[in-house]
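One structure below.
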Amino acid sequence: MIPSITLDELLARFKLDPAPFKPVAGRYPCRLTRYYAGLIQKPGDPIWRQCVPDPLELADDGQHPDPLDEERLSPVPGLIHRYPDRAVLLVSNRCAVYCRFCMRKRQVGCGAVGLDMERAIAYLAATPQIRDVVLSGGDPLLLPADQLHSLLGRLRTIPHLEIIRIGSRVPVTAPGLITPALCRMLAEHHPLYLNTHFNHPRELTGEAAQACCLLADAGIPLGNQTVLLRGINDQHAVLEQLFSGLLRLRVRPYYLHQMDLVKGTAHFRTPLVRGMELIAGLRGKVSGLAIPHFVVDLPGGQGKVPLLAQTARHGDDGWTIRNLAGNPVSYHDLPGSL
Ligand code: SF4
3 MIPSITLDEL LARFKLDPAP FKPVAGRYPC RLTRYYAGLI QKPGDPIWRQ
53 CVPDPLELAD DGQHPDPLDE ERLSPVPGLI HRYPDRAVLL VSNRCAVYCR
103 FCMRKRQVGC GAVGLDMERA IAYLAATPQI RDVVLSGGDP LLLPADQLHS
153 LLGRLRTIPH LEIIRIGSRV PVTAPGLITP ALCRMLAEHH PLYLNTHFNH
203 PRELTGEAAQ ACCLLADAGI PLGNQTVLLR GINDQHAVLE QLFSGLLRLR
253 VRPYYLHQMD LVKGTAHFRT PLVRGMELIA GLRGKVSGLA IPHFVVDLPG
303 GQGKVPLLAQ TARHGDDGWT IRNLAGNPVS YHDLPGSL
């Protein structure tokens with residue numbers, strides 16, 4: 003049971019009228035832990051903006067609910083097979099907090115999880131080129147521990163699955179759920195990696211540090227994917243503090259992620275060039291270990307690529323980015339994202 007707080011309670015704390023927030027929460031669910039809401043200092047601050055519904059989510063931004071074509075790339079409901087050697091299993095549609103910028107806004111917190119587990123495991127077992135499976139969702143660490151243990155055990159019986167990765171924001175939004183018992187269970191399924199999702203240095207609390215310490219002590223290599231969010235972390239000083247702080251927690255900054263072109267999130271997007279400037283500005287200032295790759299997931303399921311001068315070129319007709327096969331793909335910043 004996660005100690006949670008309702009949106010009404012949170013708004014009452016700041017003496018705000020709930021009326022403008024309700025239609026947004028009706029369209030895209032709102033869920034808050036008491037812990038994460040407790041990090042908010044005032045409305046509109048970097049924590050607030052990540053978790054409190056914003057009427058801008060309902061703007062007609064011309065974006066698509068599934069720009070990465072995950073549903074087309076799912077041979078089995080809930081299993082995404084985009085790269086030859088990797089697959090993603092969407093094991094839950096619940097999270098401790100529903101992030102307003104989520105790439106799976108279309109699914110998280112809505113209805114039942116769409117995964118057909120038996121068919122997904124049969125597909126993985128019958129596809130020997132898959133060596134790496136990522137448990138995602140929603141948040142896999144919101145599954146009951148015995149259910150997660152059983153799933154990991156079943157995956158471990160597939161000999162060609164060399165590594166298992168878990169994507170989880172629990173260390174950020176509900177760090178109290180990371181217990182010694184959970185870590186002992188996870189350690190039974192090595193080699194197991196965990197990628198978490200800190201976006202702002204104010205999330206690097208003592209509780210979060212303790213959660214990361216328990217996971218790292220269980221031998222689980224920790225990485226972090228930060229999403230570049232307009233007005234939240236799109237400043238050099240913020241990222242420098244965040245990435246250096248993560249290293250102190252034994253979490254390696256892995257990706258700085260360009261916001262996907264997901265419907266309802268346009269207000270969070272920065273232009274591509276901003277991410278490139280931010281990464282360039284970190285060089286020489288912080289340890290190379292603290293500098294993640296700046297990546298963009300190309301629309302239409304064309305894959306995730308690091309944005310380097312060699313792979314991305316800007317011209318009169320927008321960006322041309324080479325995908326993993328070396329083919330040029332057109333990419334356009336949203337008008338007004340400058
Ligand atoms: S924790 Fe991840 S999957 Fe869940 S709402 Fe946040 S970004 Fe989306």
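Sequential numbering of the sequence shown, starting at 3, is according to my numbering.
Glycine included, each C-beta is placed from N, C-alpha and C at the ideal position.
Look at the beta carbons and you see the stretch 15-34 not touching the stretch 189-201: under three pairs across the two are nearer than 8 Å. Here the C-alpha atom of L153 lies approximately 29 Å from the C-alpha atom of H259. Setting aside the 5 residues that flank it on each side, A189 is surrounded in the same chain by A220, G221, I222, each with a C-beta closer than 8 Å to its C-beta; the list follows chain order. With a cut-off of 6 Å, the C-beta of D141 is classified as near the ligand SF4, since at least one heavy atom of the ligand falls inside that distance. Taking the Cα of Q131 as reference, the smallest distance to any Cα among D118, P161, G116, G113 is reached at P161. Straight across, the Cα-Cα distance linking E72 with L163 is about 21 Å. The Cβ atoms of G233 and N197 do not sit closer than 7 Å to each other. CA-to-CA, the gap between A61 and Y333 works out to about 22 Å.
For a cut-off of 8 Å, the C-beta gap from D335 to D299 is around 15 Å, too long to register as a contact. Following the DSSP letters along the chain, one finds T175 in no beta strand (DSSP E) but inside the alpha helix (DSSP H) bounded by residues 172-175. If you look at K306, you'll find it in the beta strand (DSSP E) that goes 305-308. The beta carbon of Y125 sits no closer than 6 Å to any heavy atom of the ligand SF4.
With a cutoff of 6 Å, Y100 counts as near the ligand SF4, since its C-beta is closer than that to a heavy atom of the ligand. Three or more Cβ pairs closer than 8 Å define a contact, and the stretch 129-144 falls short of that threshold against the stretch 289-307. Taking the Cβ of R133 as the reference point, every heavy atom of the ligand SF4 lies at 6 Å or farther away.
By the C-beta criterion, the stretch 17-35 is judged not to be in contact with the stretch 77-95, since fewer than 3 inter-stretch pairs fall below 8 Å. Ranked by Cα distance from P182, the options L117, Q212, L150 are led by Q212. In the same chain as R84, and ignoring 5 residues on each side of it, the C-beta atoms closer than 6 Å to its own belong to L75, G303, in chain order. Taken from the Cβ of V110, at least one heavy atom of the ligand SF4 lies inside 6 Å. Per DSSP, the beta bridge partners of L91 are L81, L137. With fewer than three CB-CB distances shorter than 8 Å, the stretch 265-280 does not count as touching the stretch 249-257.
Inter-segment contact for the stretch 107-126 and the stretch 41-54 is absent: fewer than three beta-carbon pairs are separated by less than 8 Å.
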